[in-house]
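Protein chains in written order, with this note's numbering: chain E, 10 to 331; chain R, 939 to 1226.
Idealized CB from N, CA, C, for every residue including glycine.
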């Protein structure tokens, strides 16, 4: 009896193990099957393109005829050393980021702090502030171009009511970028408000309560308690905002694309509204210089990766954790 | 209640003094869209501007070509219906595809064991770092080689998988009680049946969030459809509106009417579903 059983045990264990292996293999197979639609799309339309731009950037590639030849680093030499429009685009992009992000974040934080309390009209006010972010950019930008109209626009009406001179918002090199920045602040602040509101509602109320009991004023409580506790949210919002505004294309295209974009390349008067993302678009789809546009894509990609790495690095060291 | 209630209301007053003017500034462009769209060609070129609507509803009829454009005396021929149909097809198709890929992928990453799972999921998250602007050129070349330029699929398929969607679904499925799966296994139910009959029906809340996001983003899409469409047969409303405002510079009143027509559906969706949309953004920080 005993010998029989001991002889049988390993055999049974073997079949159980084989069974399990077969089941695991079937499981693994169905796992791959379930992720395959998503993975196929992500690989074909994001991963491969993201790697392909590095190869494309060494080609002269005409988007219409599809002809290409290898030209080494010529695209980068021209882009980084000899292209005045690109240099302007880099500076105007920095201008756009510096003009949009701080104001939109400060305003978003202010509105979130004020909204962070149960009170009448709270949801209504939050909805109103958030709405611009969800609306189609073409129609809202179109309305802003009426508001910016030099002769009959409501912004210039407000300016002259205040005794200020009328400004040719979208046709002057000095004014076009501020006009686009103002639009972007209007468009983006609601997003920041909602994220800050979420961050604020996650803070432990006891600390603020304790400071209040100690007699700290609202201003002190904000800077000494809320602001440091909120820093993970603030860094997150900063990263999202900087990256999003660094690659700005669509508002530029609508406000400064111009009807003659195909010939002049648009970008506003004196290219004052040229940004890196918009220049990429024009080089690719107005001039059909796919290789050159790929070189711009590479530079933009590397800048964005660097910004992300830098901010994540700072983030992990400087942020206050509870 | 009365004294304390009034005191509390008084305490809110400083907040309202800041919030209400700002809310006014944020809402003003929408009001202005309405005012211009209901004005006349003369009234919108008056300085200082007339700040209230003149209620010329017939502008909307002119914008859709039912009556003549008062500035030219001719009928506008803008295929709004076609544009709207195109947008609805693209937005619905993208939403359906994203929901399918997100539910399947999210479930596999949450509940199934397969070699390389961690690595592949890391790859998915890495893909999130790639800005769409950077991939415009290669994607155009890929679609051109597929002969997809000027088609619906060119506007749908490249956006058919969403890292945000996969991530959100995975989080949801990870939170499902394990008892459910164990009970299903005792009944001899496999993963596919379990997902179809039990897990997916439970996952309605994250699916609503993902669906709304995708739909709104697809409805508002502008840059990509501008690049990959070149005929009215496949142009979505956003591109149609932009073409209209460029091609016909004579009557801004009708542009405003067109803007409002294009904005209204998404405004209604947003107002109806704002809890899910705002909540979803707050939870994930996703950019729509």
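For residue 292(E), the enclosing alpha helix (DSSP H) has its first and last residue at 285–294. For the 8 Å CB-CB criterion, residue 1104(R) and residue 265(E) do not form a contact. By the neighbour-count criterion, in which a residue is buried when 16 or more other Cβ atoms sit within 10 angstroms of its Cβ, residue 1160(R) is buried. Legend: CB atoms of the segment 257–268 of chain E lying less than 8 Å from CB atoms of chain R belong to residues 258, 259, 262, 263, 268. Judged by DSSP in its simplified three-state form, residue 217(E) adopts helix.
Residue pairing of residue 77(E) in beta bridges, as defined by DSSP: 70(E). Sixteen is the threshold: when 16 or more other Cβ atoms of the shown chains lie within 10 Å of the Cβ of residue 92(E), as they do, the residue is buried. Identification of chain E residues near residue 1158(R) by a Cβ-Cβ cut-off of 9 Å yields 143, 144, 145, 146, 147, ordered along the chain. Within chain E, 151 have C-beta atoms less than 7 Å from the C-beta of residue 1183(R), given in sequence order.
Look at the beta carbons and you see the segment 1150–1170 of chain R touching the segment 1089–1098 of chain R: at least three pairs across the two are nearer than 8 Å. By the Cβ criterion, the segment 1047–1054 of chain R is in contact with the segment 29–42 of chain E, since at least three pairs of Cβ atoms, one from each stretch, lie closer than 8 Å. Note that the C-beta distance between residue 186(E) and residue 281(E) is below 8 Å. The three-state reading of DSSP puts residue 298(E) in strand, counting E and B together.
As DSSP reads the structure, residue 1007(R) sits in a beta bridge with 1012(R).
Residue 94(E) and residue 87(E) have their C-alpha atoms spaced approximately 11 Å apart. Here residue 184(E) carries a coil assignment [DSSP, helix/strand/coil]. Scanning chain E for C-beta atoms nearer than 7 Å to the C-beta of residue 1062(R) yields 51, reported in chain order. Residue 56(E) and residue 1039(R) do not touch by the CB rule: their CB atoms are close to 15 Å apart, not below 8 Å.
Restricting attention to 284(E), 254(E), 162(E), the CA atom closest to the CA of residue 100(E) is found in 284(E). Contact between the segment 160–174 of chain E and the segment 111–120 of chain E is absent: fewer than 3 CB-CB pairs across the two stretches fall below 8 Å.
Remark: C-beta atoms of residue 1096(R) and residue 54(E) approach each other more closely than 8 Å. Judged by DSSP secondary structure, residue 233(E) falls outside any alpha helix (DSSP H); it is assigned neither H nor E.
The beta carbon of residue 243(E) sits no closer than 8 Å to any beta carbon of chain R.
Between the segment 137–152 of chain E and the segment 1179–1197 of chain R there are three or more inter-stretch CB-CB distances shorter than 8 Å, so the stretches are counted as touching.
Annotation: residue 1189(R) is outside any alpha helix (DSSP H) and is labelled neither H nor E by DSSP. Between residue 108(E) and chain R, the shortest Cβ-Cβ separation is not below 8 Å. DSSP places residue 1038(R) in the uninterrupted alpha helix (DSSP H) bounded by 1018–1049. One finds 58, 61, 65, 70, 72, 75, 299 in chain E with Cβ atoms closer than 9 Å to the Cβ of residue 1079(R), taken in chain order.
Put simply, of 20(E), 215(E), 301(E) the residue whose alpha carbon is nearest the alpha carbon of residue 1074(R) is 301(E).
One finds nothing in chain E with a Cβ atom closer than 8 Å to the Cβ of residue 1004(R); even the nearest lies about 21 Å away. Rounded to whole angstroms, the Cβ separation of residue 153(E) and residue 967(R) is 6 Å, and the two are in contact under 8 Å. Look at residue 29(E) here: in three-state DSSP terms it is helix. In the DSSP assignment, residue 52(E) falls outside any alpha helix (DSSP H), carrying neither H nor E.
Taking 8 Å as the cut-off, the Cβ atoms of residue 1045(R) and residue 1111(R) count as close. Annotation: residue 1067(R) to residue 1125(R) spans about 42 Å, alpha carbon to alpha carbon.
When CB distances to chain R are screened at a threshold of 7 Å, the residues of the segment 159–191 of chain E falling below it are 160, 161, 163, 166, in chain order.
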